[in-house]
Amino acid sequence: MGVAGLYQRVIAPAMWRVGELWNQGEISVADEHLATALTHQVMAGVYGPSLGHKVRPGRILMAAAEGEHHVLGLRMASDIVELAGYETIYLGADVPTDDLLQAVAARSPDLVGLSATMPGSIQALDRAIDGIQGVDPDLTVLFGGQGVGPRERNDAAVLVRDLEQLLGMVEAALDVAMPGPSDSSPPRVPPPEFATATGDRQAANPAVSSESARENESVERHLSGIAAETADLARDLARQANTYKDLAYTDTLSGLPNRRAFEDRAARLRDFSDAKPLAVLMIDLDGFKAVNDSEGHGAGDRVLALIARAIAGGLREGDFVARFGGDEFAALLPRTDLSEAEALAERLRARVQDAGSDAAVTASLGVAMLEDDVRRALLRADAALYEAKNLGRNMVRCG
Numbered sequence: 000m001g002v003a004g005l006y007q008r009v010i011a012p013a014m015w016r017v018g019e020l021w022n023q024g025e026i027s028v029a030d031e032h033l034a035t036a037l038t039h040q041v042m043a044g045v046y047g048p049s050l051g052h053k054v055r056p057g058r059i060l061m062a063a064a065e066g067e068h069h070v071l072g073l074r075m076a077s078d079i080v081e082l083a084g085y086e087t088i089y090l091g092a093d094v095p096t097d098d099l100l101q102a103v104a105a106r107s108p109d110l111v112g113l114s115a116t117m118p119g120s121i122q123a124l125d126r127a128i129d130g131i132q133g134v135d136p137d138l139t140v141l142f143g144g145q146g147v148g149p150r151e152r153n154d155a156a157v158l159v160r161d162l163e164q165l166l167g168m169v170e171a172a173l174d175v176a177m178p179g180p181s182d183s184s185p186p187r188v189p190p191p192e193f194a195t196a197t198g199d200r201q202a203a204n205p206a207v208s209s210e211s212a213r214e215n216e217s218v219e220r221h222l223s224g225i226a227a228e229t230a231d232l233a234r235d236l237a238r239q240a241n242t243y244k245d246l247a248y249t250d251t252l253s254g255l256p257n258r259r260a261f262e263d264r265a266a267r268l269r270d271f272s273d274a275k276p277l278a279v280l281m282i283d284l285d286g287f288k289a290v291n292d293s294e295g296h297g298a299g300d301r302v303l304a305l306i307a308r309a310i311a312g313g314l315r316e317g318d319f320v321a322r323f324g325g326d327e328f329a330a331l332l333p334r335t336d337l338s339e340a341e342a343l344a345e346r347l348r349a350r351v352q353d354a355g356s357d358a359a360v361t362a363s364l365g366v367a368m369l370e371d372d373v374r375r376a377l378l379r380a381d382a383a384l385y386e387a388k389n390l391g392r393n394m395v396r397c398g
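Following numbering that gives the first Met the number 0, the numbering of the sequence shown begins with 0 at its first residue and continues without gaps.
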């Protein structure tokens, strides 16, 4: 299960349950916000590695309506769409309607997500939706929040009743197959909504007096801010860690993973029974040195980048290719026996020949099976590669 799925299927229901416990008086509002912040910190451990590896078309702007300060649910919704690969613009809490409309006009999102839970912000939500549709009548708005119901008019504003429905509704909206307010699967009872984490639950607890309600709202707003800052810090640290990891595991010239990343992936797949049989390819370019010598290293770098794309484009989903250095590449082929690996290697050889034809660059490839020892498999594949070199180059051999 991906991190977006974890948010939808694990975190959102858990946060709804935390809210229920607060509403029943079994935990304090401080406990509620602490639970939310700790949950986001735990999720940050898997949040960073999920960024940047899958990019979908679609820019989504997320904001809380003017006057809305409870935004942990909106933050969770933003995490879900960002981790699913969509470009996400997060404006945060209490966004004045005029500022929101300016952001819509300036950033040209493909979809807008709004949240509201407090009575004043729910009224502002209607104004915001009307204003957005005035800026762009074709722009879909997804909205939700504690106590928010379907709008009376049948327009392009769609109610999200449940975070578990969010990705499906985003996909439908971006495909211009917009569901109407009633066109969604029946919610669970009780339904966790767009802002489940810290909704305004005072209306559900009539025992709270108006004076204590104001005090509770002030305390809750303060704690909500602390929890949101803690969660954002955890996400920022996860992003930084992911950036550093990418720098350490990526070959900057080709954009492919580097040898360190290859060795880590090979060690994991070696111990993963579902990846067996596991094949290894070693790929070395023929005639590349002549390009560097005659045309310069700039031309050589361009040829390397071109051939790297050709190799990566010839692999299947689940395969893994890395640049080892110089003009040498290696690939891991899970669930692939020797004959299948040889056939795939032959297709890659042809792709390299086509990609490098102007520079007369071809490739020799060695194939081996990885069983217990990664280094031993690489040595066998490398020996097969040099057999191909010695036999005339531009061919595939198995070791």
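From the three backbone atoms N, C-alpha and C, an ideal C-beta is built for every residue, glycine too.
Distance between residue j and residue i (C-alpha atoms, nearest Å)
i, j, result
"residue 390", "residue 269", "31 Å"
"residue 257", "residue 322", "5 Å"
"residue 102", "residue 74", "18 Å"
"residue 160", "residue 61", "16 Å"
"residue 112", "residue 142", "6 Å"
"residue 337", "residue 291", "34 Å"
"residue 157", "residue 55", "21 Å"
"residue 406", "residue 30", "An answer regarding residue 406 cannot be provided, because it is not within the stretch 0 to 398 covered by the chain."
"residue 315", "residue 135", "40 Å"
"residue 341", "residue 110", "46 Å"
"residue 349", "residue 306", "11 Å"
"residue 271", "residue 100", "50 Å"
"residue 318", "residue 261", "11 Å"
"residue 396", "residue 263", "25 Å"
"residue 375", "residue 289", "31 Å"
"residue 335", "residue 324", "25 Å"
"residue 438", "residue 343", "Given that the chain is displayed from residue 0 to residue 398, the structure contains no residue 438 and the question cannot be resolved."
"residue 353", "residue 265", "29 Å"
"residue 8", "residue 126", "32 Å"
"residue 297", "residue 394", "27 Å"
"residue 206", "residue 17", "Its pLDDT being 45, under 50, residue 206 is placed unreliably by the model, and the measurement read from it follows with that caveat. If you take the alpha carbons of residue 206 and residue 17, they lie about 20 Å apart."
"residue 373", "residue 85", "36 Å"
"residue 98", "residue 21", "34 Å"
Same chain only: Cβ atoms within 6 Å of residue i, ignoring 5 sequence neighbours per side
i, result
"residue 382", "398"
"residue 188", "Summary for residue 188: the model assigns pLDDT 34, below 50, so the residue's position carries little reliability, and this model does not support an answer."
"residue 87", "59, 77, 80, 81"
"residue 388", "363"
"residue 89", "61, 77"
"residue 119", "66"
"residue 267", "none"
Sub-8 Å separation of residue i and residue j beta-carbons
i, j, result
"residue 131", "residue 138", "yes"
"residue 347", "residue 281", "no"
"residue 304", "residue 252", "yes"
"residue 367", "residue 380", "yes"
"residue 92", "residue 63", "yes"
"residue 274", "residue 259", "no"
"residue 72", "residue 27", "no"
"residue 287", "residue 299", "yes"
"residue 361", "residue 250", "no"
Minimum C-alpha distance to residue i - residue among the options
i, options, result
"residue 283", "267, 122, 351", "351"
"residue 169", "321, 27, 57", "57"
"residue 333", "266, 98, 278", "278"
"residue 330", "293, 354, 294, 369", "369"
"residue 392", "302, 345, 23", "345"
"residue 12", "126, 163, 127, 313", "163"
Beta-carbon contacts of residue i that lie in its chain and below 8 Å, excluding the five residues immediately before and after
i, result
"residue 95", "65"
"residue 311", "255, 320"
"residue 121", "64, 115, 144, 146, 147"
"residue 371", "269"
"residue 339", "278, 332"
"residue 107", "58"
Contacts around residue i, its chain only, beta-carbon distance under 7 Å, and the 5 residues preceding and following it disregarded
i, result
"residue 293", "none"
"residue 24", "none"
"residue 173", "57, 109, 110"
"residue 184", "The predicted model places residue 184 with a pLDDT of 38, which falls under 50 and marks its position as unreliable, so this point remains unresolved."
"residue 326", "283, 284, 287, 303"
"residue 34", "17"
Runs of 4 residues minimum, wholly inside the stretch 84-137: which ones carry the alpha helix (DSSP H) assignment?
96-106, 118-134
Which runs of the beta strand (DSSP E) spanning at least 3 residues fall entirely within the stretch 343-384, listed in chain order?
361-369
Output the residue ranges of the beta strand (DSSP E) runs that lie fully inside the stretch 306-350 and measure 3 residues or longer, sorted by chain position.
319-324, 327-332
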